[in-house]
Amino acid sequence: MTTFYVVRHGETLLNSIGRAQGWSDSPLTDNGKRTAAELGAELNGIIFNAAYTSDMIRAEQTAKLILSMSGNDNIEIQKDIRLREWCLGSMEAEHNSLFIQTVSDWLGVSSFAELNKRLSDVARAIYEHDTTGAAEPFEDISSRLKNVFTDIAQSKLRNENSNILIVTHAFAIKTLIYLFAPEKLCAIDKVKNVTTLKLLYNGNRFYFKE
699 MTTFYVVRHG ETLLNSIGRA QGWSDSPLTD NGKRTAAELG AELNGIIFNA
749 AYTSDMIRAE QTAKLILSMS GNDNIEIQKD IRLREWCLGS MEAEHNSLFI
799 QTVSDWLGVS SFAELNKRLS DVARAIYEHD TTGAAEPFED ISSRLKNVFT
849 DIAQSKLRNE NSNILIVTHA FAIKTLIYLF APEKLCAIDK VKNVTTLKLL
899 YNGNRFYFKE
């Protein structure tokens, strides 16, 4: 059994001023550092066999604090670009309220819950309205995320049980839920900073632990 501790990074500068953050990056705030350290303390006693983050500074900073405070300072962080957040294209660093309103208008929906339910349509709308050429189709996003978890899980199956720390991003985590527990998407409100989910792999399939 491989247990992935999937964590959203701590609060960043852009988070704190209400800006949408995909491939744009910013460092953790003092509050973001504090909550990441607190999470690490909560995970003290868990021996991690490996730690992976996206290539964003906010993810790496979060992972370092978690590993330090959980007693896993010896684990080297491995960065994988496939763990990146969605690229928001021309909506990068836009005010969150305007970002949500714009996407809602594109899709003709009136609630945040409806946006969660239509996750693939949200990605499609961002991709189709992007003017930068950087946004990805949902198929590419879901494929890279599924592949990175499969690659990590299969590389660690040499051990009977492995605990893997993953620090990634909000839309990336929603995509994992879409892939492995789509029935839960309707119940999601917002993936908050340092939200932690357990994703299990038993050698045959991935599933979330309740």
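So for the sequence shown, this note's numbering puts the first residue at 699; every next one is plus one.
Think of the CB as a built atom: it goes at the ideal place given N, C-alpha and C, for glycine as much as any other residue.
Note that the coordinates shown come from a computational prediction; the quantities given were computed from them, not determined experimentally.
Ordered along the chain, which non-local residues of its own chain (more than five positions away) have a Cβ less than 8 Å from that of Y825? Working through the sequence shown from its first residue, we reach residue 825 at position 127. So the qualifying residues of the chain are G787, A833, E834, P835, F836.
Rank R780, L813, E812 by C-alpha distance to the C-alpha of D849 and give the top, closest one. The residue given as residue 849 occupies position 151 in the sequence shown. Nearest of R780, L813, E812 to D849, Cα basis: R780.
I'd like to know whether the C-beta atoms of S722 and E790 end up nearer to each other than 8 Å. Start at 1 with the first residue of the sequence shown, and residue 722 comes out as number 24. Start at 1 with the first residue of the sequence shown, and residue 790 comes out as number 92. Note that the C-beta distance between S722 and E790 is below 8 Å.
Would you please state the rounded distance, in angstroms, between the beta carbons of G738 and S714? I believe it to be under 8 Å. The residue you call residue 738 lines up with position 40 of the sequence shown. The residue you call residue 714 lines up with position 16 of the sequence shown. That belief does not hold up - the Cβ atoms of G738 and S714 are roughly 21 Å apart, past 8 Å.
Tell me which same chain residues have a C-beta within less than 7 Å of the C-beta of G720, skipping the five on either side of it? Locating residue 720 in the sequence shown gives position 22, where the first residue counts as 1. Here the set comprises E783, W784, C785, L786, E790.
Tell me the DSSP secondary structure of N770 in three-state form. Numbered from its first residue, the sequence shown carries residue 770 at position 72. Here N770 sits in coil by DSSP.
Counterpart residues of K896 in DSSP-defined beta bridges: The residue given as residue 896 occupies position 198 in the sequence shown. Paired residue(s): Y703.
Leaving aside the five residues before and after K882 along the sequence, list all residues of the same chain whose C-beta is less than 6 Å from its C-beta, in chain order. Position 184 of the sequence shown holds residue 882. When the five nearest sequence neighbours on each side are left out, the beta carbons in the same chain lying within less than 6 Å of the beta carbon of K882 are those of I875, in order along the chain.
Would you mind sorting Q799 into buried or exposed? The rule is 16 or more other CB atoms within 10 Å of its CB. Translated into positions along the sequence shown, residue 799 becomes position 101. Its Cβ having fewer than 16 others within 10 Å, Q799 is exposed.
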